[in-house]
Structures are given as C-alpha cells and as structure tokens.
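Novice:
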Amino acid sequence: MNKFTYSLAEFTDVKDKKFISNPGCYATATELALIPLLKADVVEEDSIIVDAKSGLTGAGKALSESSHFVNVHDNYVTYKLNRHQHIPEIVQELKLFNDQVHHIQFSTSLLPVNRGIMSTVYVKLKKPLTAANLFAIYEDSYKDTPFVRVQDDLPELHNVIGSNFTDIGFLYNKVTNVLTIVSVIDNLIKGAAGQAVQNLNLMNGWDETEGLLISPNYL
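Note that numbering that gives the first Met the number 0 has the sequence shown beginning at 0, numbered continuously upward.
#1: Quick one: grab the DSSP three-state call for ALA8.
#2: Considering ASP15, what are the terminal residues of the beta strand (DSSP E) in which it resides?
#3: Alpha carbons only, please: which of SER108, THR27, ASN113, GLY115 is nearest the one belonging to ILE89?
#4: Quick check on ASN221: does DSSP put it in helix, strand or coil?
#5: For TYR78, report the span of its beta strand (DSSP E) as first-last.
#6: So the candidates are THR11, ASN1, GLU44, LEU93; which of them puts its Cα closest to the Cα of THR144?
#7: Which residue marks the beginning of the alpha helix (DSSP H) containing GLN104, and which one marks its end?
#8: Whose C-beta lies closer than 7 Å to the C-beta of GLU207 among residues of the same chain, with five residues either side of it excluded?
#9: Classify THR144 as helix, strand or coil using the three-state DSSP reduction.
#10: Would you kindly report the start and end of the unbroken alpha helix (DSSP H) that includes VAL196?
#11: Closest to LEU156 by C-alpha separation, out of HIS67, ASN132, VAL112, would be which residue?
#12: Could you check where the beta strand (DSSP E) with THR179 kicks off and where it finishes?
#13: Apart from the five residues just before and just after LYS125, which ones in its own chain have a Cβ nearer than 8 Å to its Cβ?
#14: Using beta-carbon positions only, say whether TYR78 and LEU109 come within less than 8 Å of one another.
#15: Measure the C-alpha to C-alpha separation of ILE213 and VAL147 and round it to an integer number of angstroms.
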C-alpha cells in the first residue's frame, strides 16, 4: 500500500509516479467542494455536514433488493447514514489541507436515476464573506484545471452526465452564517474511469484532457 499515491487529480502531483489510488465517487465530489475553503481557512472545521446523493450505478452491478428497479423507481432512499466507507477517505484527504478537520457528518442516498452524484455540503464560516470573496477562493484553486467549472448558479446533474467535469456552485445564508456548496459529477466518469484516465495522463506528462473530451453515455 505504501507504493500507492492517492490522487485527487486537481490537487496531487503524480508525474513520474508508478502506482495511483483513485478516489471514490462520493469522495471526489465532496473533496472538490471543500478543499478550496479549507485551504483558505474560512470554514469552522467541526461544522461540515455532507448530504450526498448517487444514481443507482453507484451501488454497483451486483443484484440486490435495495437496488432492484421496483424498489428504487419513484422512490428516494437513505442508506449507510454516517457509516459509509468513503468517510475515512474524505477526512484523511481534507486533513491534508486543514489538520483541524477530525470528523464530518455524512449521509448518503440513492436517487432514482441511472448515474450522477450530487454532493450538497453545509459549512459555517469563520467570518462573513461576500459572493465575490467565495468565488475568488474557488477560482484560485481551479483556474488552471480543465475539468472543474465554478458556476454562478447551483449546478444540475444533467450538465455533467457523460463527462469528466465537476460543476460547483454555492449560496451563502447571511442569517445563519451557513454556506451551502453543491458539487455534481458523473460517478462513472469523474468518479471512476474518467479520473483514472486523467491521472494516467498526468503521470505520463500528457495533455490532461487526452481521451476525456468525449461524451460516452453507455451504462
């Protein structure tokens, strides 16, 4: 295991590395939403709440009652509340950018759609910030990254399905001092194979977008 480098592609230098550990799908969407804020030290570290939703392909291909069509169609199910296997992974990575992050509140739900992840994150800020301040924080982290798009509006799943893009938007509530961040990805591409290809490109010094500016939609 010590030979492997965990690589969230936007934040890890993997050039000349031989072995890469690719992030999980929930972890990818959540970490990309939070890392810029933690780098800027604007978040109360013990206030992180994540409400993450996944399409059914996130549950894997094995047959199970919980992912059977008749049980998920026209339904919305929460599962593994605060015990999802991605929680330690997320906390471990967030601590690299702010070592005061010791835990997160993390809920996961199944959406009645084929693919996609929406991670809605709630944090309290250490001091009030304007929308311009917040946008600048995200732009500072992602201005040179081809696959993260910081938006003025809150993102929607259908805009990233079939792509390696992550769309991020946010809204600050001055009354409660809570910032809501919404991060959406395709769990099968940016949350899996696409990020693996992105890391492969970075490892070899190739164009980061090589092979990824297409729109595959087969499940």
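In this text, a Cβ means the ideal position worked out from N, Cα and C, and glycines have one as well.
Specialist: Based on what the coordinates show:
#1: Working through the sequence shown from its first residue, we reach residue 8 at position 9. Coil at ALA8, not helix or strand.
#2: Reading the sequence shown from its first residue, position 16 is the one you call residue 15. No beta strand (DSSP E) contains ASP15, which DSSP labels as neither H nor E.
#3: As a first step, residue 89 is located in the sequence shown; it is residue number 90 there, counting from the start. Per the Cα distances, THR27.
#4: The chain is shown from 0 up to 218; residue 221 falls before or after that span and cannot be answered.
#5: In the sequence shown, residue 78 corresponds to position 79, counting from 1. Start and end: 76-78.
#6: Locating residue 144 in the sequence shown gives position 145, where the first residue counts as 1. Comparing Cα positions, the closest option is THR11.
#7: Position 105 of the sequence shown holds residue 104. First-last for GLN104: 104-109, but that is the beta strand (DSSP E), not the alpha helix (DSSP H).
#8: One-based indexing of the sequence shown puts residue 207 at position 208. Same-chain partners within the cutoff: PRO145, GLN197, ASN200, LEU201.
#9: If you number the sequence shown from 1, residue 144 lands on position 145. Residue state, collapsed to three classes: coil.
#10: Within the sequence shown, numbered from 1, the residue matching residue 196 stands at position 197. Taken as a continuous stretch (DSSP letters only), the alpha helix (DSSP H) holding VAL196 covers 193-202.
#11: As a working note, residue 156 is residue 157 in the sequence shown. When only C-alpha atoms are compared, the closest one is VAL112.
#12: Here the question's residue 179 lines up with position 180 in the sequence shown. From DSSP, the beta strand (DSSP E) with THR179 extends over 177-184.
#13: For this step, residue 125 is matched to residue 126 along the sequence shown. Answer for LYS125: ASP40, VAL41, VAL42, GLU43, listed in chain order.
#14: Mapped onto the sequence shown, residue 78 falls at position 79. Mapped onto the sequence shown, residue 109 falls at position 110. The answer is yes: Cβ separation under 8 Å.
#15: Here the question's residue 213 lines up with position 214 in the sequence shown. Here the question's residue 147 lines up with position 148 in the sequence shown. Answer to the nearest angstrom: the Cα atoms are 16 Å apart.
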